[in-house]
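Position in the sequence shown (first residue = 1) + 12 = the working numbering. The C-beta atom is built at its ideal place from N, Cα and C for all residues, glycine as well. Comments concern the structure below.
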Amino acid sequence: MHGWIDHLDLDAAANALTSEEKVPYMLPIVGVETLSPRLKASVVEVGRTLSTWPQLATSVVLGGALAGDAVRRILLGHMTGSGRWFVDLDELVGTPVEVPPPDATPPAPTDA
Numbered sequence: 013m014h015g016w017i018d019h020l021d022l023d024a025a026a027n028a029l030t031s032e033e034k035v036p037y038m039l040p041i042v043g044v045e046t047l048s049p050r051l052k053a054s055v056v057e058v059g060r061t062l063s064t065w066p067q068l069a070t071s072v073v074l075g076g077a078l079a080g081d082a083v084r085r086i087l088l089g090h091m092t093g094s095g096r097w098f099v100d101l102d103e104l105v106g107t108p109v110e111v112p113p114p115d116a117t118p119p120a121p122t123d124a
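Below, the structure written as structure tokens:
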């Protein structure tokens, strides 16, 4: 885990039953700064108003596709570095940016 949970008692983690008991183990791995505001608010509701960790099917599919792509790149020798990469679908495919229409004037012919 690249040192993300070295400070935690892993034997206690194996016996963590409630969502509140799991939070100290989950947060160092996923990183509080990388969680969306909605997910941060949801974490405290697990076991109360939510039955389990919220997870959209689209996020699951995206995660599987990214993991598969990373494995393929590693096996092909295209990815040799170690690290963490974050993919935020809302950032990639969020509110569209206003793009001006292309110039409708055709280019002038050139002498060849």
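V73, enclosing alpha helix (DSSP H) - first and last residue: Along the sequence shown, one-based indexing puts residue 73 at 61. Element bounds for V73: 69-87.
What is the rounded straight-line gap between the Cα of R85 and the Cα of M91? Along the sequence shown, read from residue 1 onward, the residue named residue 85 stands at position 73. Along the sequence shown, read from residue 1 onward, the residue named residue 91 stands at position 79. In a straight line, the C-alpha of R85 is about 5 Å away from that of M91.
Can you tell me the Cα-Cα spacing of S71 and A77, whole angstroms? As a working mapping, residue 71 is identified with position 59 in the sequence shown. As a working mapping, residue 77 is identified with position 65 in the sequence shown. Cα to Cα, S71 sits roughly 10 Å from A77.
On a Cα-Cα basis, can you pick out the residue from D100, E32, V42 that is closest to W16? Here residue 16 corresponds to residue number 4 of the sequence shown, with the count starting at 1. Measuring from the Cα of W16, the nearest candidate turns out to be V42.
Just list the alpha helix (DSSP H) runs in the stretch 19-56, keeping only unbroken ones of 4 residues or longer that don't cross its boundaries, in chain order. Complete alpha helix (DSSP H) runs here, min 4: 22-26, 31-42, 49-55.
Excluding five sequence neighbours on each side, which residues of the same chain lie with their C-beta closer than 8 Å to the C-beta of V99? Locating residue 99 in the sequence shown gives position 87, where the first residue counts as 1. Result list for V99: L74, L78, in chain order.
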